[in-house]
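Asks: If you read the sequence shown in this note's numbering, its first letter stands for residue 584, the second for the next number, and so on. Take this structure first; my questions come after.
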Amino acid sequence: MLLLLLLLLLILLVLLLLLLLLLVLPLLLLLLLVLLLLQLQLLLLLLLLLLQQLLLLLLLLLLLLLLLLLLLLLLLLLQLLPLLLLILLLLLLIIQLLLLLLLLLVLLLLLFLLLLRLLLLLLLLLLLLLLLLLQLLFVLLLQLLLLLLLLCSSSC
Numbered sequence: 584m585l586l587l588l589l590l591l592l593l594i595l596l597v598l599l600l601l602l603l604l605l606l607v608l609p610l611l612l613l614l615l616l617v618l619l620l621l622q623l624q625l626l627l628l629l630l631l632l633l634l635q636q637l638l639l640l641l642l643l644l645l646l647l648l649l650l651l652l653l654l655l656l657l658l659l660l661l662q663l664l665p666l667l668l669l670i671l672l673l674l675l676l677i678i679q680l681l682l683l684l685l686l687l688l689v690l691l692l693l694l695f696l697l698l699l700r701l702l703l704l705l706l707l708l709l710l711l712l713l714l715l716l717l718q719l720l721f722v723l724l725l726q727l728l729l730l731l732l733l734l735c736s737s738s739c
């Protein structure tokens, strides 16, 4: 009889702990959802910043091409066309390399954000699964407690 009461007390303690977990875990899930939403805002902000940098780079390239055209006119007047073509090719190569580097940077940033989002979603899914299992355990322990109380009351 004493053993049965100790078992009932232990089950009650575990039920209280499970209830505490069941109350805290949804708050943690809500926090994760807020983090996901903030990450989406951060992604949009980063994309806008990136777009601004791209536009600035394009403006710079247009200015550079305008300067090249002015230089071309000047060199045409001075009959130095081969030198101008070499300079133009070199500048176009530098522009291509800069654009490629910028594109690589954008891709790395997007990959990092995607991995971060996947990690958060996975964590969210695991917490939901844990919440479901804890609820199931809570119900099972509650049923066991009721069964033991019934046995205790019938034996007394």
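Just so it is clear, CB atoms sit at the ideal spot from N, CA and C, and this is done for glycine as well. Note that the structure is predicted; figures quoted are calculated from it, not measured.
(1) ILE670: which of LEU658, LEU627, LEU687 sits nearest, CA to CA?
(2) With distances taken between CB atoms, is the gap from LEU714 to LEU605 smaller than 9 Å?
(3) Spatial neighbours of LEU626 within its chain, please: C-beta separation below 6 Å, excluding the five flanking residues on both sides.
(4) Rounded to whole angstroms, what is the Cα-Cα separation between LEU773 and LEU712?
(5) Can you round the beta-carbon distance between LEU629 and LEU692 to whole angstroms, since I take them to be within the 8 Å contact cut?
(6) Note down the Cα distance separating LEU596 from LEU619, rounded to an integer number of angstroms.
Replies: Reading it off the structure:
(1) As a first step, residue 670 is located in the sequence shown; it is residue number 87 there, counting from the start. Here the closest residue by C-alpha is LEU658.
(2) Position 131 of the sequence shown, counting from 1, holds the residue named residue 714. Position 22 of the sequence shown, counting from 1, holds the residue named residue 605. In contact: LEU714 and LEU605 (Cβ atoms closer than 9 Å).
(3) For the purposes of this step, residue 626 is taken as the residue at position 43 of the sequence shown. Contacts found: LEU696.
(4) Here the chain comprises residues numbered 584 to 739, so residue 773 is not present and cannot be evaluated.
(5) As a first step, residue 629 is located in the sequence shown; it is residue number 46 there, counting from the start. As a first step, residue 692 is located in the sequence shown; it is residue number 109 there, counting from the start. The Cβ separation is near 6 Å, so the contact holds.
(6) On the sequence shown, residue 596 is found 13 positions in, with the first residue counted as 1. On the sequence shown, residue 619 is found 36 positions in, with the first residue counted as 1. Between the alpha carbons of LEU596 and LEU619 lies a distance of about 35 Å.
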